[in-house]
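Written out below as structure tokens is the structure these notes cover.
Chains as they are written, first to last, in the working numbering: chain A, 836 to 1183; chain B, 0 to 289.
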């Protein structure tokens, strides 16, 4: 049944450009999709290992800058008279490098901070994002600083026998983002249901017990951080090649908060949660724009985050899933209750 | 050499207000186990109260300062009563996220009400700085240092010499036992949050007139406060004071001898370095809260 829902959702999403012609809405959908990929990667850490990464935008931004610089090329001087000159590579290579470099940064941050978890992890990740932002702002020779990197090329896909296709239009980018989002979703879903995923959730629920059955805490958490950062880097790369201009403001803390709100609203620890939360918060500005000033919208966002935590602390998707499971178990005989309980524990 | 002395003077002025920020945050974290993301907003709030009271109500600068502290105290108490008291007993992540929500709503509120244009607060101090041999320091900055030092001493006495402070320390050590001994833990939590908030507002009210005030000024202040708290060890007031001065020194030297663009990176680098080499903070061994 779950597979059916998933396929229906994908078909519905894939059919959107067929009836939606408004370029403003298409643009909102594409950026929302990119942020949903980011939110999914955040959920892998927050929802499945219980580690709140409040610098997640760093990985996104690093992905964006790496991808942009790879495809634009650069020429910088290093201390000691060295010069590093890089000729432009195709954007697809930038996309791959973005994942690798962001994943590497995830490894470093994980290595640093998983010895000190909880509140410390939160503060380390925030600090990391701010340091990266300040570097992007001040290393003008490489990043152009506040002047922004412009004219980032669109992604070109080489197709056998058809030549190459440059994804310039909104329609093409929509399908690209959808494809990457589906791939990320499948990857995270496979991961969460694997042995590794059970190790992650075991750690989150009862660390002492998990360690006693032989789960390596640091290794598990670091691996989760690498994958999460890599996916965020992929989202950043998509962003850079779609928007085609990036400046250090991409690292703004508010962008991390947007992802956190998406995950919390939709439901952390639920696979569909970031998608549902992302849809709501990605598209809300479109509908609020005519009636509210941007500042008022942000007041509303902050308010919604607080209200959600008070009213639906587990988020929309898990709350609905629980209600659904209860109704089903009430309808069924008592014999299947054990099954629904098991079902409810698996991420929706 | 005179340049170095000048940096030291600047460090003292900055360090005093940083210490205020750090003490407020470390008290709240140490006693309530809440990562207070509204701390920066309280700092902004204190600065804007100064602006409103001095410029729109026409009240004297020296009267405005205690009013700003009082306003921070009231706002802190209100935040604790409405947002944190109902969540008592929930995990640290939940309160942290609620605080993030409150911070965004409040900061956007400040932007909405007061606009994004930076404002400055007029002060009664003479423009000409006090020249002491090779270094010079403005009268305003000297006053800020003195006021911050006084507030630090008052807070120290409050926690170490009063009944309320004793109850706060007891709650920090063991909440259940304190409660059994007749300490009203709810009242302690509200007082702690209100005191911490009033210190943040005081820091904003003191530093606001030195620089300019704008709605996002609290963001960096909050991160600096986090750096100070991590440096000094969570819940350690003496550590927060020393941490405040260390951060100020690092910023002054970083801005003076490396690059002024990286001045604000110092706090983050300190956080990362401390967590690599001494994750419990530099002064973890010393007595906490007091």
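The C-beta atom is built at its ideal place from N, Cα and C for all residues, glycine as well. All of these numbers come straight from a predicted model, not from anything done at the bench.
Can you tell me whether residue i is buried or exposed? The criterion is at least 16 other CB atoms within 10 Å of its CB, across all chains shown.
i                       : result
residue 842 of chain A  : exposed
residue 214 of chain B  : buried
residue 1090 of chain A : buried
residue 256 of chain B  : exposed
residue 98 of chain B   : buried
residue 61 of chain B   : exposed
residue 9 of chain B    : buried
residue 886 of chain A  : buried
residue 251 of chain B  : buried
residue 914 of chain A  : exposed
residue 967 of chain A  : buried
residue 15 of chain B   : buried
residue 856 of chain A  : exposed
residue 1165 of chain A : exposed
residue 92 of chain B   : buried
residue 263 of chain B  : buried
residue 1008 of chain A : buried
residue 851 of chain A  : exposed
residue 112 of chain B  : exposed
residue 926 of chain A  : buried
residue 859 of chain A  : exposed
residue 88 of chain B   : exposed
Look up residue i in the DSSP assignment and say whether it is helix, strand or coil.
i                       : result
residue 1149 of chain A : coil
residue 909 of chain A  : strand
residue 135 of chain B  : strand
residue 919 of chain A  : strand
residue 277 of chain B  : coil
residue 1171 of chain A : Low per-residue confidence applies at residue 1171 of chain A: pLDDT is 46, beneath 50, and the placement is therefore not dependable, though the value from the model is reported in the following sentence. Note: residue 1171 of chain A maps to helix in three-state DSSP.
residue 1081 of chain A : strand
residue 288 of chain B  : Low per-residue confidence applies at residue 288 of chain B: pLDDT is 43, beneath 50, and the placement is therefore not dependable enough to give any value.
residue 1133 of chain A : helix
residue 1095 of chain A : helix
residue 1154 of chain A : helix
residue 973 of chain A  : helix
residue 962 of chain A  : helix
residue 1177 of chain A : Caution applies to residue 1177 of chain A, whose pLDDT of 45 falls short of 50 and renders its modelled position unreliable; the model cannot decide the point.
residue 950 of chain A  : coil
residue 1105 of chain A : coil
residue 53 of chain B   : helix
residue 1090 of chain A : helix
residue 0 of chain B    : coil
residue 925 of chain A  : coil
For residue i, which option in the options has the closest C-alpha, if you only look at C-alpha atoms?
i                       : options                         : result
residue 224 of chain B  : B/22, B/108 and B/9             : B/22
residue 1096 of chain A : A/864, A/875 and A/1031         : A/875
residue 218 of chain B  : B/273, B/240, B/186 and B/266   : B/266
residue 1104 of chain A : A/1133, A/1150 and A/1086       : A/1150
residue 1025 of chain A : A/906, A/856, A/879 and A/851   : A/879
residue 919 of chain A  : A/987, A/976 and A/1032         : A/976
residue 268 of chain B  : A/845, A/965, A/873 and A/902   : A/965
residue 1 of chain B    : B/231, B/112 and B/131          : B/131
residue 233 of chain B  : B/277, B/248, B/146 and B/201   : B/277
residue 47 of chain B   : B/119, B/189 and B/197          : B/119
residue 1040 of chain A : A/848, A/883 and A/1077         : A/883
residue 190 of chain B  : B/212, B/164 and B/40           : B/164
residue 1048 of chain A : A/1058, A/1100 and A/1034       : A/1034
residue 270 of chain B  : B/228, B/96, B/143 and B/43     : B/228
residue 346 of chain B  : B/144, B/86, B/200 and B/162    : Nothing about residue 346 of chain B can be read from this structure; chain B reaches only from 0 to 289.
residue 992 of chain A  : A/984, A/1100, A/1002 and A/983 : A/1002
Could you list the residues in the stretch 941 to 952 of chain A with a C-beta less than 9 Å from some C-beta on chain B, going in chain order? Those residues of the stretch 941 to 952 of chain A placed with their C-beta closer than 9 Å to a C-beta in chain B are 947, 948, 950 and 951, ordered along the chain.
Could you please tell me which residues of the stretch 1023 to 1041 of chain A, in chain order, have their CB closer than 7 Å to any CB of chain C? In the structure shown, chain C cannot be found, because the protein chains are A and B.
With 7 Å as the limit, tell me which residues of the stretch 225 to 257 of chain B have their beta carbon closer than that to any beta carbon of chain A; keep them in chain order. Taking 7 Å as the Cβ-Cβ cut-off, the stretch 225 to 257 of chain B approaches chain A at 225 and 229, given in chain order.
Mind pulling the alpha helix (DSSP H) runs of 4 or more residues that sit fully within the stretch 980 to 1060 of chain A? The DSSP assignment places complete alpha helix (DSSP H) segments of no fewer than 4 residues inside the stretch 980 to 1060 of chain A at 1005 to 1027, 1030 to 1040 and 1042 to 1047, in order along the chain.
Where the stretch 57 to 69 of chain B meets chain A: residues whose CB sits under 8 Å from a CB there: Residues passing the 8 Å Cβ filter: none.
Could you pull out every unbroken alpha helix (DSSP H) segment of at least 4 residues lying fully inside the stretch 64 to 132 of chain B, listed in chain order? Counting whole runs of 4 or more residues, the stretch 64 to 132 of chain B contains the alpha helix (DSSP H) stretches 91 to 113.
Within 8 Å of chain A by C-beta, residues of the stretch 12 to 44 of chain B in sequence order: For the stretch 12 to 44 of chain B, the beta-carbon criterion of a distance under 8 Å to any beta-carbon of chain A is satisfied by 28 and 34.
Mind listing which residues of the stretch 1136 to 1152 of chain A have their C-beta closer than 9 Å to chain B's C-betas, in chain order? Here the close residues are 1136, 1137, 1138, 1139, 1140, 1141, 1142, 1143, 1144, 1145 and 1148.
Near-chain B residues of the stretch 1111 to 1138 of chain A - C-beta to any C-beta below 9 Å: Residues of the stretch 1111 to 1138 of chain A whose Cβ lies closer than 9 Å to any Cβ of chain B, in chain order: 1128, 1129, 1130, 1131, 1132, 1133, 1134, 1135, 1136, 1137 and 1138.
Scan the stretch 151 to 224 of chain B and note each continuous alpha helix (DSSP H) run of 4 residues or more that stays entirely inside, going in chain order. Listed in chain order, the complete alpha helix (DSSP H) runs (minimum 4 residues) inside the stretch 151 to 224 of chain B are 162 to 172, 174 to 179 and 184 to 206.
Beta strand (DSSP E) segments (min. 3 residues) lying fully within the stretch 842 to 921 of chain A: With a minimum length of 3 residues, the continuous beta strand (DSSP E) runs that stay inside the stretch 842 to 921 of chain A are 909 to 912 and 918 to 921.
Could you please tell me which residues of the stretch 869 to 897 of chain A, in chain order, have their CB closer than 7 Å to any CB of chain B? Close to chain B, meaning a Cβ-Cβ distance shorter than 7 Å, are the following residues of the stretch 869 to 897 of chain A: 887.
Select from the stretch 186 to 201 of chain B all residues with a C-beta closer than 8 Å to any C-beta belonging to chain A, and list them in chain order. Correct list: empty, as no residue qualifies.
Which residue spans inside the stretch 217 to 272 of chain B form an unbroken beta strand (DSSP E) run of at least 3? Counting whole runs of 3 or more residues, the stretch 217 to 272 of chain B contains no beta strand (DSSP E) stretch at all.
Can you list, in chain order, the residues of the stretch 1050 to 1078 of chain A whose Cβ is nearer than 7 Å to any Cβ on chain B? Residues passing the 7 Å Cβ filter: none.
Which residues of the stretch 261 to 277 of chain B have a Cβ closer than 8 Å to any Cβ of chain A? Give them in chain order. Those residues of the stretch 261 to 277 of chain B that come within reach of chain A (Cβ to Cβ, closer than 8 Å) are 261, 263, 264, 266, 267, 268, 270, 271, 274 and 275.
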